[in-house]
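To start, the structure itself, in structure tokens.
Residue numbers (the UniProt record's numbering): 1 to 321.
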């Protein structure tokens, strides 16, 4: 008796349920005929998808209670429009880029006769928000090699620590320090294996090895460039202007440090995402050494001292009783 009741219920339900039938001809323009979707099949305009609503006749009393509203709904053409094909993968990548906050920094390095000068600011920003004024953007990889940070702070810090570990393991295994060329190539190979995964890194590897000073630029896609001077970050156009006008290969250490300090200051003066402290390092035959770390606000009055007017010079401070 129970089985008969279940079959009777299913027969009654299926006989009264609406039936939607998609016509094969409507799918032909989409390239889906025969269950095989043709890749890249173009869509001409908007394709109209038609539905067979003959199965809704038995439900006519439910629509509007037998009035005009139900008849109008049944007599109307049941169709909807399909939009043009969309590159969903491309949209997803663009959407991720749109929500990423803008990052900014200023780092630079150049080779001269006494070694390599490396300098950077210390401001960390996320869009218009300044999260820190005391970030260490020059990272010591080993006593003879430095790396700079530009891009995502977490990515740069992690992969520089990872590079430092690999350089130390290379030194223990081969009984000699890894060269600047080898370290930069090692980092480039690692980043190349992670290309397209969202890393944000623009770093310079500077150091001194058996061949002398070395300087390489490595980016998140595994690109690697060798050069005499680089500047990376949102303030790099302003730093390049100072470097290109004042760079000489035969500079002394003091002259090179002053050039780097002045380049970082001018970049922080014009670029809102750069600021804080201008740190300057020198890498020579005896390893790296930090030369200075000056607040860019104090550097402003050093380069542009304020001379009081005669009236201000004659003014006498009046004590408050």
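Ideal Cβ positions, reconstructed from N, Cα and C, are used throughout, including at glycine.
Going by DSSP, which residues form a beta bridge with residue 282? 117 and 289
Are the Cβ atoms of residue 239 and residue 267 separated by less than 9 Å? yes
Per the contact definition of three or more C-beta pairs closer than 8 Å, is the region 282 to 297 in contact with the region 202 to 209? yes
Expressed to the nearest angstrom, what Euclidean distance is found between the alpha-carbon atoms of residue 137 and residue 314? 45 Å
Throw me the rounded Cβ distance for the residue 243 and residue 227 pair, which I believe falls under 8 Å. That pair is no contact at about 12 Å.
Can you tell which of 147, 112 and 103 has its C-alpha closest to the C-alpha of residue 126? 103
Measuring CA to CA, which of 109, 135 and 202 is closest to residue 275? 135
Kindly indicate the opening and closing residues of the beta strand (DSSP E) around residue 176. From DSSP, residue 176 is part of no beta strand (DSSP E); its letter is neither H nor E.
Three-way DSSP call (helix, strand, coil) for residue 310 in this model: helix
With residue 268 as the anchor, note down where its alpha helix (DSSP H) starts and where it stops. 253 to 270
Let me know if residue 128 comes out buried or exposed under the rule of 16 or more other beta-carbons within 10 Å of its beta-carbon. exposed
Find out if the Cβ-Cβ distance for the pair residue 279, residue 124 is shorter than 9 Å. no
Look at the alpha carbon of residue 259 and the alpha carbon of residue 305, and state the distance between them as a whole number of angstroms. 18 Å
CB contact flag (residue 232, residue 114, <9 Å): no
Taking only the alpha-carbon atoms, compute the straight-line gap between residue 322 and residue 182 and give it to the nearest angstrom. This structure does not reach residue 322, given that the chain is present from 1 up to 321, and the question cannot be answered.
Rounding to the nearest angstrom, what Cα-Cα distance links residue 118 and residue 310 in this structure? 42 Å
Residue 122 by DSSP, collapsed to three states: which one? coil
When you compare the CB positions of residue 261 and residue 110, do they come within less than 9 Å of one another, or not? no
If you check the beta carbons only, do residue 160 and residue 203 fall under 9 Å apart? yes
Spatial neighbours of residue 251 within its chain, please: C-beta separation below 8 Å, excluding the five flanking residues on both sides. 112, 113, 114 and 259
Of the residues 218, 277, 222 and 164, which one's Cα is nearest the Cα of residue 197? 222
Locate the alpha helix (DSSP H) running through residue 299, then write down its first and last residues. 296 to 303
Taking Cβ to Cβ, would you say residue 324 is nearer than 9 Å to residue 106? Since the first residue shown for the chain is 1 and the last is 321, residue 324 is missing from the structure and cannot be characterised.
Burial state of residue 236, where buried means 16 or more other Cβ atoms lie within 10 Å: buried
For a cutoff of 9 Å on Cβ pairs, would you count residue 247 as touching chain D? Absent here is chain D; the protein component of the structure consists of one chain.
Looking only at C-alpha atoms, which of 156, 132, 298 and 130 sits nearest to residue 139? 156
Have a look at residue 271 and residue 264 and give me their C-alpha separation to the nearest angstrom. 10 Å
Return the residue from the list 158, 154, 166 and 151 that minimises the CA-CA distance to residue 142. 166
Would you kindly work out how many angstroms separate the C-alpha atoms of residue 185 and residue 248, rounded to a whole number? 28 Å
Should residue 146 and residue 116 be called a contact, given that it needs their Cβ atoms to be closer than 9 Å? yes
Look at the Cβ atom of residue 225, then the Cβ atom of residue 151, and state whether they are nearer than 9 Å. no
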